[in-house]
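Number of protein chains: 2
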Amino acid sequence: MKAEQDIFHKFLAQKDLRDTPQRELILDVFLKREEHVSAEQLYDIIKKRDPSIGQATVYRNLKLLSEAGLAREVDFGDGVTRYEHNYNHPHHDHLVCRGCGKMVEVVDSVIEELQKRVAEQYGFVLTDHALYLYGNCAECRKGHRSG
Amino acid sequence: MKAEQDIFHKFLAQKDLRDTPQRELILDVFLKREEHVSAEQLYDIIKKRDPSIGQATVYRNLKLLSEAGLAREVDFGDGVTRYEHNYNHPHHDHLVCRGCGKMVEVVDSVIEELQKRVAEQYGFVLTDHALYLYGNCAECRKGHRSG
DNA sequence: TTGCTAATGATTATCATTATCAATAGTAAA
DNA sequence: TTTACTATTGATAATGATAATCATTAGCAA
Chain A
1 MKAEQDIFHK FLAQKDLRDT PQRELILDVF LKREEHVSAE QLYDIIKKRD PSIGQATVYR
61 NLKLLSEAGL AREVDFGDGV TRYEHNYNHP HHDHLVCRGC GKMVEVVDSV IEELQKRVAE
121 QYGFVLTDHA LYLYGNCAEC RKGHRSG
Chain B
148 MKAEQDIFHK FLAQKDLRDT PQRELILDVF LKREEHVSAE QLYDIIKKRD PSIGQATVYR
208 NLKLLSEAGL AREVDFGDGV TRYEHNYNHP HHDHLVCRGC GKMVEVVDSV IEELQKRVAE
268 QYGFVLTDHA LYLYGNCAEC RKGHRSG
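From first to last, the protein sequence lines stand for chains A and B. First residue of the first sequence? That's 1 in our numbering, and the numbers climb one at a time after it. First residue of the second sequence? That's 148 in our numbering, and the numbers climb one at a time after it.
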């Protein structure tokens with residue numbers, strides 16, 4: 001938990017940005033959440049600790065955390081940007097249940113490798129990708145909770 | 148081009164929906180565009196043929212075309228929903244150049260198969276997925292048009 | 001034709017996010 | 001420690017894509 005703060009402080013110094021209590025608070029709350037959060041969700045949590053904070057500040061600083069390499073944006077395609085930890089949290093894809101919304105982080109090195117090759121076939125050099133797998137989890141199928 | 152119209156008419160009949168000139172026009176223009184289009188783009192094109200058409204009608208009916216299985220939504224993550232042909236246009240993923248925006252449709256049956264297996268490992272039955280590969284195309288790398 | 005009701009077009013609402021801007025507050029130098 | 005500079009904040013308005021509303025229009029079956 002110390003390392004992330006160091007990274008953030010160095011990032012701020014390097015970019016000539018200022019260290020503010022709001023930024024510390026946002027980083028702190030973000031780090032304590034293990035799951036991905038939207039700006040809205042984080043704002044709701046943060047308000048309890050500092051009711052005077054503005055929601056624009058939360059939006060602004062989540063972007064900043066991404067720039068600092070501490071957060072990573074994820075887009076589940078529902079129009080809301082979520083943020084997840086990027087430090088000590090290696091790349092992965094997302095397996096999402098259509099029934100209950102449960103989300104599992106997955107990786108398959110073979111898929112990753114094949115993606116690179118497919119890109120190369122078309123003369124592209126792959127920089128990144130987004131893979132979302134949608135399906136129905138075991139419980140949902142058992143409980144008829146899904147289609 | 149006849150087949151799609153048949154499908155649409157049957158879909159309308161089956162759902163007790165009406166056949167209107169606006170719907171015919173939207174379908175016609177959509178079918179003539181080979182590339183994916185947003186509702187906004189399609190509206191701009193359609194206005195030239197029928198300036199009285201409302202943009203809500205375009206939004207509404209693109210959704211309807213999706214329900215009818217003639218169109219398919221694609222989400223490039225820029226906040227705009229685009230529609231592409233779904234009839235006689237099998238599933239594929241998208242390889243997008245970060246430099247010039249060029250888009251190539253790709254498929255790799257091994258990747259597809261592996262995705263299913265990864266899902267199964269977690270007790271999921273895969274229904275669909277979204278895979279977007281981002282990189283830099285040959286021209287962009289040659290012309291220093293990208294990072 | 002008539003009658004029922006879906007569809008349309010104009011408009012407003014929504015929702016996440018961004019821009020604006022006056023007031024506030026880090027921070028480096030005096 | 002004061003000053004001065006300017007980044008940051010919070011409140012609020014703006015944005016942009018899409019959805020909802022609603023009175024009017026128009027398919028279509030009887």
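For every residue, glycine included, the Cβ atom is placed at its ideal position computed from N, Cα and C. Quick caveat, the model's predicted, so the values are computed rather than measured.
Problem set entry | Where the segment 278-291 of chain B meets chain A: residues whose CB sits under 7 Å from a CB there | Correct list: Leu278, Tyr279, Leu280, Tyr281, Gly282, Asn283, Cys284, Ala285 and Arg288.
Problem set entry | B:Phe155 beta carbon less than 8 Å from that of B:Leu209 | In this structure, B:Leu209 sits away from B:Phe155, with a CB-CB distance that is not shorter than 8 Å.
For this session: Count the other CB atoms, across all protein chains shown, that sit within 10 Å of the CB of B:Gly290; report buried if there are 16 or more and exposed otherwise.
Result: Residue environment for B:Gly290: exposed (fewer than 16 other C-beta atoms within 10 angstroms of its C-beta).
Exercise. If you draw a straight line from the alpha carbon of B:Thr204 to that of A:Phe76, how long is it in whole angstroms?
Worked result: Cα-Cα distance, rounded: 27 Å.
For this session: Take B:Arg292 and list the residues in its own chain whose beta-carbon comes closer than 8 Å to its own, dropping the five residues that flank it on each side.
Result: Per-residue confidence for B:Arg292 stands at a pLDDT of 43, beneath the threshold of 50, marking its modelled position as unreliable; the derived number appears in the next sentence. Only Gly246, Cys247 and Glu286 meet the Cβ criterion.
Problem set entry | Coarse secondary structure for B:Pro183, derived from DSSP in three states | Looking at the sequence shown, residue 183 of chain B is not Pro but His. Residue state, collapsed to three classes: coil.
Problem set entry | Where A:Tyr59 sits in the DSSP three-state scheme | Looking at A:Tyr59 - three-state DSSP - the assignment turns out to be helix.
Exercise. Just how far apart, CA to CA, sit B:His276 and B:Val184?
Worked result: Between B:His276 and B:Val184, the alpha-carbon positions lie close to 20 Å from each other.
Exercise. Along chain A, which residues have their Cβ under 7 Å away from the Cβ of B:Val257?
Worked result: In chain order: Leu114.
Problem set entry | Limits of the beta strand (DSSP E) - the one that B:His232 falls within | Counting along the chain, the beta strand (DSSP E) containing B:His232 begins and ends at Thr228 to His232.
For this session: Mark B:Asn283 as exposed unless 16 or more other C-beta atoms lie within 10 angstroms of its C-beta, in which case mark it buried.
Result: Around the beta-carbon of B:Asn283, 16 or more other beta-carbon atoms lie within 10 Å, marking it buried.
Exercise. Which chain B residues sit within Cβ distance under 8 Å of A:Tyr122?
Worked result: Within 8 Å Cβ-Cβ: Leu242, Val251, Val253 and Cys284.
For this session: Please classify B:Tyr269: does DSSP put it in a helix, a strand, or coil?
Result: In the three-state reduction of the DSSP assignment, B:Tyr269 falls in the coil class, being assigned neither a helical nor a strand state.
Exercise. Would the segment 17-26 of chain A and the segment 41-54 of chain A be scored as touching if the rule is three or more Cβ pairs under 8 Å?
Worked result: Short answer: they touch.
Problem set entry | Nearest-angstrom Cβ-Cβ length linking B:Leu242 and A:Tyr122, presumed shorter than 8 Å | Indeed, because the Cβ distance is near 6 Å, the residues count as touching under 8 Å.
Exercise. Along the segment 31-62 of chain A, what residues have a CB closer than 9 Å to any CB found in chain B?
Worked result: Answer set for the segment 31-62 of chain A: empty.
Exercise. When DSSP labels each residue in this structure, what does A:Val96 get in the three-state scheme?
Worked result: Looking at A:Val96 - three-state DSSP - the assignment turns out to be strand.
Exercise. Can you round the beta-carbon distance between A:Val118 and B:Asp255 to whole angstroms, since I take them to be within the 8 Å contact cut?
Worked result: Contact holds; Cβ gap of about 5 Å.
Exercise. What is the rounded straight-line gap between the Cα of B:His232 and the Cα of B:Glu181?
Worked result: Answer to the nearest angstrom: the Cα atoms are 7 Å apart.
Exercise. Among residues of its own chain, excluding the 5 on either side of A:Phe11, which ones have a beta-carbon nearer than 6 Å to its beta-carbon?
Worked result: Answer for A:Phe11: Ala68, listed in chain order.
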